[in-house]
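**Q** Residue numbers (my numbering), protein chains in the order written: chain V, 142 to 339; chain P, 142 to 339.
Number of protein chains: 2
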Amino acid sequence: MQYPLHLLKMINVLKRLPGVGSKSAERYAFHMLEWPQEYLDEMTSTIRDIHQKLQQCDECGCLKDEQRCQFCTEERQQSQVICVISSIKELFPIETTGEYKGLYHVLGGLLSPLNGIGPDKLSIDSLKLRIEKWQIKEIVIALDSTLEGDATSLYLKKELGPLGITTSRLAFGLPMGSPIDYVDGGTLARAFAARCKF
Amino acid sequence: MQYPLHLLKMINVLKRLPGVGSKSAERYAFHMLEWPQEYLDEMTSTIRDIHQKLQQCDECGCLKDEQRCQFCTEERQQSQVICVISSIKELFPIETTGEYKGLYHVLGGLLSPLNGIGPDKLSIDSLKLRIEKWQIKEIVIALDSTLEGDATSLYLKKELGPLGITTSRLAFGLPMGSPIDYVDGGTLARAFAARCKF
């Protein structure tokens, strides 16, 4: 394949995006060749500035627009509830539900001893400080329902137990709109165990 | 959804890539948030310069690296064959086969009256000039096997016929490695019509 050097460079740079292999990167690169310079400039200026324009809030770890963190409002602080999530991207689907109005706390990962991620790599100490600062009454654990998510949830429960606050975790059960025979055994077992009066 | 403004801008910019919808753009954006500034800079400098670094050759329309067009070599000119393709991206799969060693000519599209693309929008005049200049003996038409590709091929055949050169088109038939019962009727019919002694 005799791609010109700059095209190869372009393809290699695009392949760093998640789930993008050679074929997709080639497709993107050829498409971008047809873009007006204005589109290219808009893309480059946007990409260049993301670390400046999208910083993590020092307190909760969520993304803040310019100066202000929209998730550390007085109203949310008064709710006295913190929802613990592992990374920033989980915040937005939760916000979209409109079901939760409290504070957030980004852990920065999940416990994974095999990958060298121990409790010291997660922002658990700052969580404890915030619990004290805002007189938090409940911690809602919204972590993945995976092995790492389960381990991290149990660890948090153990760590926060002595503080005398309620810890809760998102419910497990059937996802909405799913036929019973398409649901996996693990989910079905948990849905049975947590069945409620109807 | 309360995405920070810059994240929204990022997502909108990424959605201009072909086949990238909101979900993929979000995924890319969140992934890029974790990139070091070095990766971001590399991407932006590469994207910004594509129009400067990858220009079309004035003669054949292929992409050239910096100054030199690697497809307008003396060796290729002496072959006295031109392969007509509709856009730059078709060149590389053809080159990869190693089957073709002649010149290329990028038409810049396919005839499509409904979309306002008539013969005047395609580089047919410059093709005729090149046929004369390099005393071309054969034109290989490597256009899509679609309605537009067929129409453009027929048009080229009609236009170039009076010049007294051979025009050929890529063969139609079974793609390699395909079971007969998976091949569509149109392809099968063409493979029957063009069957050869065995």
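A virtual CB, placed ideally from N, CA and C, is assigned to each residue, including glycine.
So, using beta-carbon positions, are Y169(V) and P159(P) closer together than 9 Å?
**A** In the first sequence, residue 169(V) corresponds to position 28, counting from 1. In the second sequence, residue 159(P) corresponds to position 18, counting from 1. Annotated as proximal: Y169(V) and P159(P), with beta-carbon spacing under 9 Å.
**Q** Assign S227(V) to one of two classes, buried (16 or more other C-beta atoms within 10 Å of its C-beta) or exposed (fewer than that).
**A** Numbered from 1 along the first sequence, position 86 holds the residue referred to as residue 227(V). So S227(V) ends up on the buried side.
**Q** Mind listing which residues of the region 149-162 of chain V have their C-beta closer than 9 Å to chain P's C-betas, in chain order?
**A** K150, M151, N153, V154, L155, R157, L158, P159, G160, V161
**Q** Cα separation between L244(P) and E273(P)?
**A** What you label residue 244(P) is simply residue 103 of the second sequence in a count that begins at 1. What you label residue 273(P) is simply residue 132 of the second sequence in a count that begins at 1. Between L244(P) and E273(P), the alpha-carbon positions lie close to 14 Å from each other.
**Q** Please determine, among I229(P), E175(P), K262(P), Q276(P), the residue with the shortest C-alpha to C-alpha distance to A283(P).
**A** Along the second sequence, read from residue 1 onward, the residue named residue 283(P) stands at position 142. For A283(P), the nearest C-alpha among the options comes from I229(P).
**Q** Using the beta-carbon of each residue, which ones in chain P are nearer than 7 Å to I191(V)?
**A** On the first sequence, position 50 is the one that residue 191(V) refers to. H147, M151, M173, L174, L181, listed in chain order.
**Q** Have a look at the DSSP bridge pairing and note the partners of Q197(P).
**A** In the second sequence, counting from the first residue as 1, residue 197(P) sits at position 56. In the DSSP assignment, the residues bridged to Q197(P) are L204(P).
**Q** State whether the region 193-209 of chain P contacts the region 245-261 of chain P, with contact taken as three or more CB pairs (one from each stretch) at a distance under 8 Å.
**A** At 8 Å Cβ cutoff, the stretches touch.
**Q** Where does K150(P) land, buried or exposed, given buried means 16+ other C-beta within 10 angstroms?
**A** Here residue 150(P) refers to the residue found at position 9 when the second sequence is read from its first residue. When all chains shown are included, K150(P) counts as buried.
**Q** Please state whether the Cβ-Cβ distance between I223(P) and W275(P) is less than 9 Å.
**A** On the second sequence, residue 223(P) is found 82 positions in, with the first residue counted as 1. On the second sequence, residue 275(P) is found 134 positions in, with the first residue counted as 1. Yes, the pair counts as a contact, with Cβ atoms nearer than the cut-off.
**Q** Could you name the residues that DSSP lists as bridge partners for T307(P)?
**A** Counting from one through the second sequence, the residue named residue 307(P) turns up at place 166. T307(P) pairs with E279(P).
**Q** Give the residues of chain P in contact with I194(V), contact being defined as C-beta atoms less than 7 Å apart.
**A** Here residue 194(V) refers to the residue found at position 53 when the first sequence is read from its first residue. Note that residue 194(V) is Lys in the sequence shown, not Ile. H147, listed in chain order.
**Q** Examine the Cβ distances between the region 259-268 of chain V and the region 315-327 of chain V and report whether three or more of them are shorter than 8 Å.
**A** no
**Q** Would E289(P) count as contacting chain V if we go by Cβ distances under 9 Å?
**A** By one-based count along the second sequence, residue 289(P) stands at place 148. For E289(P), the answer is no, since every Cβ of chain V falls outside 9 Å of its Cβ.
**Q** Helix, strand or coil for R168(P) per DSSP?
**A** Here residue 168(P) is taken as the residue at index 27 of the second sequence, counted from 1. Three-state result, R168(P): helix.
**Q** According to the Cβ coordinates, are L297(V) and T287(V) closer than 9 Å?
**A** On the first sequence, position 156 is the one that residue 297(V) refers to. On the first sequence, position 146 is the one that residue 287(V) refers to. No, they are not a contact pair.
**Q** Work out the CA separation of Y241(P) and L329(P) for me, nearest whole Å.
**A** By one-based count along the second sequence, residue 329(P) stands at place 188. By one-based count along the second sequence, residue 241(P) stands at place 100. Straight-line Cα distance between these residues: approximately 26 Å.
**Q** With a threshold of 6 Å on Cβ separation, who are the neighbours of V281(P) within its own chain once the five nearest residues in sequence on each side are excluded?
**A** Here the question's residue 281(P) lines up with position 140 in the second sequence. Within the same chain, V281(P) has close Cβ partners C224, S309.
**Q** N153(V) to H172(V), Cα distance in whole Å?
**A** Your numbering for residue 153(V) matches position 12 in the first sequence. Your numbering for residue 172(V) matches position 31 in the first sequence. Cα to Cα, N153(V) sits roughly 15 Å from H172(V).
**Q** To the nearest angstrom, how far is the alpha carbon of T185(V) from that of M184(P)?
**A** Taking the first residue of the first sequence as position 1, residue 185(V) is located at position 44. Taking the first residue of the second sequence as position 1, residue 184(P) is located at position 43. C-alpha separation (whole angstroms): 8 Å.
**Q** Note the first and the last residue of the continuous alpha helix (DSSP H) segment covering V154(P).
**A** Taking the second sequence and counting its residues from 1, the one referred to as residue 154(P) is at position 13. Annotation for V154(P): the continuous alpha helix (DSSP H) segment containing it runs 146-155.
**Q** At 3 residues or longer, what runs of the beta strand (DSSP E) sit wholly inside the region 188-274 of chain P?
**A** 195-197, 204-206, 222-226, 244-247
**Q** Closest to G259(P) by CA distance: which of T293(P), L232(P), P177(P) is it?
**A** Stepping through the second sequence from its first residue, residue 259(P) is reached at position 118. Residue T293(P) is the option with its Cα nearest to G259(P).
**Q** Quick check on L155(P): buried or exposed, where buried means 16 or more other Cβ atoms within 10 Å of its Cβ?
**A** Indexing the second sequence from 1 puts residue 155(P) at position 14. With 16 or more Cβ atoms within 10 Å of its Cβ, L155(P) is classed as buried.
**Q** Can you list, in chain order, the residues of its chain with a C-beta nearer than 8 Å to that of E167(P)? Leave out the 5 residues immediately preceding and following it.
**A** Position 26 of the second sequence, counted from the first residue, corresponds to residue 167(P). Same-chain partners within the cutoff: I152.
**Q** For E216(V), is the classification buried or exposed, using 16 other Cβ atoms within 10 angstroms of its Cβ as the cut-off for buried?
**A** As a working note, residue 216(V) is residue 75 in the first sequence. Here E216(V) is exposed, its C-beta having fewer than 16 other C-beta atoms within 10 Å.
**Q** With a threshold of 8 Å on Cβ separation, who are the neighbours of H147(V) within its own chain once the five nearest residues in sequence on each side are excluded?
**A** Translated into positions along the first sequence, residue 147(V) becomes position 6. For H147(V), where only same-chain residues beyond five positions count, there are no Cβ hits under 8 Å.
**Q** Could you tell me whether the Cβ of Q211(V) comes closer than 9 Å to any Cβ of chain P?
**A** Looking up residue 211(V) in the first sequence gives position 70. Interface with chain P (9 Å Cβ-Cβ cutoff): Q211(V) is included.
**Q** How would you call R271(P), buried or exposed, if buried means at least 16 neighbouring beta carbons within 10 angstroms?
**A** Position 130 of the second sequence holds residue 271(P). With 16 or more neighbouring CB atoms inside 10 Å of its own CB, R271(P) falls in the buried class.
**Q** At the 9 Å Cβ level, is D285(P) part of the contact set with chain V, yes or no?
**A** The residue you call residue 285(P) lines up with position 144 of the second sequence. So no, D285(P) is outside the interface.
**Q** Could you work out which residues of chain P lie near E300(V), taking near to mean beta carbons separated by less than 8 Å?
**A** Position 159 of the first sequence, counted from the start, is the residue given in the question as residue 300(V). E300(V) does not reach chain P, its nearest Cβ partner there being about 26 Å away, counting only Cβ pairs nearer than 8 Å.
**Q** Comparing C-alpha positions only, which one of Q221(V), G250(V), S267(V), S163(V) sits nearest to D199(V)?
**A** Taking the first residue of the first sequence as 1, we reach residue 199(V) at position 58. For D199(V), the nearest C-alpha among the options comes from S267(V).
**Q** Counting only the same chain and skipping the five closest in sequence on each side, list residues whose C-beta sits under 8 Å from that of G162(P).
**A** In the second sequence, the residue the question calls residue 162(P) occupies position 21. Excluding residues within five positions, the ones whose Cβ falls inside 8 Å are K156.
**Q** Under a CB-based cut-off of 9 Å, is E215(P) close to chain V?
**A** Position 74 of the second sequence holds residue 215(P). No, no contact with chain V.
**Q** Could you check the C-alpha separation between A334(V) and I306(V) for me, to the nearest Å?
**A** Start at 1 with the first residue of the first sequence, and residue 334(V) comes out as number 193. Start at 1 with the first residue of the first sequence, and residue 306(V) comes out as number 165. For A334(V) and I306(V), the distance between alpha carbons rounds to 25 Å.
**Q** Could you tell me whether any Cβ in chain V is nearer than 9 Å to the Cβ of E236(P)?
**A** Along the second sequence, read from residue 1 onward, the residue named residue 236(P) stands at position 95. Yes, because at least one Cβ of chain V sits closer than 9 Å to the Cβ of E236(P).
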